[in-house]
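Colleague:
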Amino acid sequence: MSGNVLAQDTGTTETVVVKPQMTDKVLDNPGKGFMTFQRFNGDTANVLNNCCGNFREEFPFPVNRDTEMELVNEDYPDTKIAYFRFYWRYIEPQKGEYRWEIIDRALKTAHERGQTLMLSVMPYGSEGDEENDVPDWYREMVGEKTDWEYDNPVNKWLVDPEDARYIKYYGGLIRALGERYDGHPDLESVDARIVGAWGEGGGTELLTRQTMQALMDAYLESFRETSLVTLLHGEESVRYAKSQAEVGWRQDCLGDLGFWAEDEGDWTHMYDYYPQTTIDYGMEDAWKMAPVTFEICGTFTRWKEEEGYDLEDVKYIFDQALKWHMSSFNAKSSPVPEEWRPAVNEWLKQMGYRFALRRFAYPQRVAPGGKLWFTSWWENRGVAPIYRKYPLALRLQGAGQSTVLLTGADIREWMPGDNLYDGAVFIPRELPEGDYTLQVGLVEPLRELNEPPRPAVDLAIDGRTQEGWYSLGEITIKDEE
């Protein structure tokens, strides 16, 4: 490995001290960065200038376009997340009969494309489109009325959420969803959507406390392992969710510096909503325990061609999002203008977590069955922690074999800045004596029997092997003389 390697004599055996060289590359890592929207890595990008005139989400499931599995996202960053949202009507077309094969297929395809799935289930969409309505059987049950207390023309209620049947059936779907998928290794997070068009929370503040809690509890009680992300609509519901679980937050329209300012009295998301709401709702520190994720306002093309944003505007938006500790971004799989790509790359380097091993010390010789102690200094050069547990592992490579040893580190605790982890692993007694290369990696949790752990997270240092491990130096396994 490039960097400084020192040997210190401690009296019994030399201590090897490694100081790796950091890299400035963009790292494609799980749970962070850009995401594909209603498509997977390699599927064609959206060719839309404005949201969402000629954009089709292709419910209930998108067409798989990348038949050659080249996994290239044209004019769009590589991603490790696929974001999919499904209307209730497609998941439960008949009462109590769930089409789990839709979500099973999404999880399987995401895994095949090197992604995890960020999932959202929406009760209904906007008025006037039967394909976006509640399930036909539920519409027949509750009647045709669509004028309820929250009658905003953009995101009105299409059914009455105070009707006990809404809690029973929509809440029942969410509970069934959690029973089947909570903790799934390919499920990155789940949006907590309870009411309003697209489930984005319109009118949440009008719900009775009993109804709000019942709908939120469907998520909070069903997803104990998979991260939950709530939308910032309705202070009472957001505060309730946070009081019950470690929830993150998501928000639409990142980049709104004045999309509708003339019609809204100069009101914008960037200046008049995000800074105030995160604090007013008590979510300014939520990022420490669960992810913050944004969706773009319009598209990058609209930013450039219709809103007239220049590079300084774009950098301002990016910097503000980093200040709010964002981990991931839904740019709707729409092209990134070439002149903004360097700024996007710099943004990606800081988004979410970015782990650099700065110093690692270990004994030069250990006996079979002995303890390999080590000290390590890690720097998280991103703006957020990692939210899923990837074990820190050491690997001994040599003598015609490799041996992986898992440590007890919980890397979810590694906040931005410096982090120390000192630990030890025992060398197997049956390991043949000889010289080995000591390697380090952050590995995926075990899925398959008899399969050794594989690295899942790239580090911001040089020396990565083809398998994703990072070589630290040589170590001798030999009995003490």
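So the sequence shown is residues 1 to 481, counted in UniProt numbering.
Built from N, CA and C at the ideal position, the CB exists for glycine as well.
Nothing here was measured: the structure is a model prediction, and the numbers come from that model.
May I have the straight-line CA-CA distance separating E284 from R180, to the nearest angstrom?
Modeller: One-based indexing of the sequence shown puts residue 284 at position 284. One-based indexing of the sequence shown puts residue 180 at position 180. Approximately 31 Å, taken between the alpha carbons.
Colleague: Out of curiosity, what's the CA-to-CA distance linking R56 and A82?
Modeller: Here residue 56 is taken as the residue at index 56 of the sequence shown, counted from 1. Here residue 82 is taken as the residue at index 82 of the sequence shown, counted from 1. Any reading at R56 needs caution, since the residue's pLDDT is 46, under 50, leaving its predicted position unreliable; the model's value is listed next. Roughly 16 Å separates the two Cα atoms.
Colleague: Which same chain residues end up closer than 8 Å to K389 when comparing Cβ atoms and leaving out the 5 residues on each side of it in sequence?
Modeller: Translated into positions along the sequence shown, residue 389 becomes position 389. Correct list, in chain order: D410, I411, R412 and P445.
Colleague: Applying the 10 Å Cβ sphere with the 16-neighbour rule, what's the burial state of G265?
Modeller: Mapped onto the sequence shown, residue 265 falls at position 265. G265 comes out exposed.
Colleague: State the beta-bridge partners of I336 as determined by DSSP.
Modeller: Taking the first residue of the sequence shown as 1, we reach residue 336 at position 336. The amino acid at residue 336 is misidentified as Ile; the sequence shows Val. Its beta-bridge partners do not exist; DSSP assigns none.
Colleague: Taking the alpha-carbon of P432 as reference, which of R341, D479 and T465 has the nearest alpha-carbon?
Modeller: What you label residue 432 is simply residue 432 of the sequence shown in a count that begins at 1. Minimum Cα distance to P432 is reached at D479.
Colleague: By the DSSP assignment, the beta strand (DSSP E) with F34 in it spans what residues?
Modeller: Position 34 of the sequence shown, counted from the first residue, corresponds to residue 34. Element bounds for F34: G33 to F37.
Colleague: Is the distance from the Cβ of V425 to the Cβ of Y470 below 8 Å?
Modeller: Counting from one through the sequence shown, the residue named residue 425 turns up at place 425. Counting from one through the sequence shown, the residue named residue 470 turns up at place 470. In this structure, Y470 does not lie closer than 8 Å to V425 by Cβ.
Colleague: Grab the span of the beta strand (DSSP E) containing F40 for me, first residue to last.
Modeller: Residue mapping note: residue 40 aligns to position 40 of the sequence shown, counting from 1. Unbroken run through F40: none, as it is neither H nor E.
Colleague: Are the CB atoms of A290 and V229 within a distance shorter than 8 Å?
Modeller: One-based indexing of the sequence shown puts residue 229 at position 229. One-based indexing of the sequence shown puts residue 290 at position 290. Contact flag set, yes.
Colleague: Check whether the Cβ atoms of H233 and T204 sit closer than 8 Å, and answer yes or no.
Modeller: Along the sequence shown, one-based indexing puts residue 233 at 233. Along the sequence shown, one-based indexing puts residue 204 at 204. Yes, the pair counts as a contact, with Cβ atoms nearer than the cut-off.
Colleague: Report yes if the CB atom of G352 is closer than 8 Å to the CB atom of K32, and no otherwise.
Modeller: In the sequence shown, residue 352 corresponds to position 352, counting from 1. In the sequence shown, residue 32 corresponds to position 32, counting from 1. Their beta carbons are under 8 Å apart, which means G352 touches K32 by this criterion.
Colleague: Tell me the rounded alpha-carbon separation between G473 and R365.
Modeller: Residue numbering aside, residue 473 sits at position 473 when the sequence shown is read from its first letter. Residue numbering aside, residue 365 sits at position 365 when the sequence shown is read from its first letter. Rounded to whole angstroms, G473 to R365 spans 12 Å at the Cα level.
Colleague: Using a threshold of 8 Å, state whether the C-beta atoms of P368 and V443 are closer than that.
Modeller: Here residue 368 is taken as the residue at index 368 of the sequence shown, counted from 1. Here residue 443 is taken as the residue at index 443 of the sequence shown, counted from 1. Against a cut-off of 8 Å, the Cβ pair of V443 and P368 comes out as no contact.
Colleague: Is it buried or exposed for A164, if we count other Cβ within 10 angstroms and need 16 for buried?
Modeller: On the sequence shown, position 164 is the one that residue 164 refers to. So A164 counts as exposed.
Colleague: Where do the ends of the beta strand (DSSP E) carrying S120 lie?
Modeller: Locating residue 120 in the sequence shown gives position 120, where the first residue counts as 1. Start and end: T116 to M122.
Colleague: Does DSSP put F223 in a helix, in a strand, or in coil?
Modeller: Counting from one through the sequence shown, the residue named residue 223 turns up at place 223. Coil.
Colleague: How would you label N73, buried or exposed, when you count the other beta carbons within 10 angstroms and need 16 or more for buried?
Modeller: Looking up residue 73 in the sequence shown gives position 73. Looking at its Cβ environment, which holds 16 or more other Cβ atoms inside 10 Å, N73 is buried.
Colleague: Given T36, which residues of its chain have a CB within under 6 Å of its CB, disregarding the five upstream and five downstream residues?
Modeller: Residue 36 sits at position 36 when you count from the first residue of the sequence shown. The residues are T79, A82 and S333.
Colleague: The alpha helix (DSSP H) spanning F259 covers which residue range?
Modeller: On the sequence shown, position 259 is the one that residue 259 refers to. Per DSSP, F259 belongs to no alpha helix (DSSP H) and is neither H nor E.
Colleague: Quick check on the burial criterion: 16 or more other C-beta atoms within 10 angstroms. Buried or exposed for S458?
Modeller: Counting from one through the sequence shown, the residue named residue 458 turns up at place 458. Checking the displayed sequence, the identity of residue 458 turns out to be Asp instead of Ser. Counting Cβ neighbours within 10 Å, D458 comes out buried, since at least 16 surround it.
Colleague: Work out the CA separation of G308 and E339 for me, nearest whole Å.
Modeller: As a working note, residue 339 is residue 339 in the sequence shown. As a working note, residue 308 is residue 308 in the sequence shown. Cα to Cα, E339 sits roughly 14 Å from G308.
Colleague: From what residue to what residue does the alpha helix (DSSP H) around V344 run?
Modeller: Indexing the sequence shown from 1 puts residue 344 at position 344. Unbroken alpha helix (DSSP H) run through V344: R341 to Q350.
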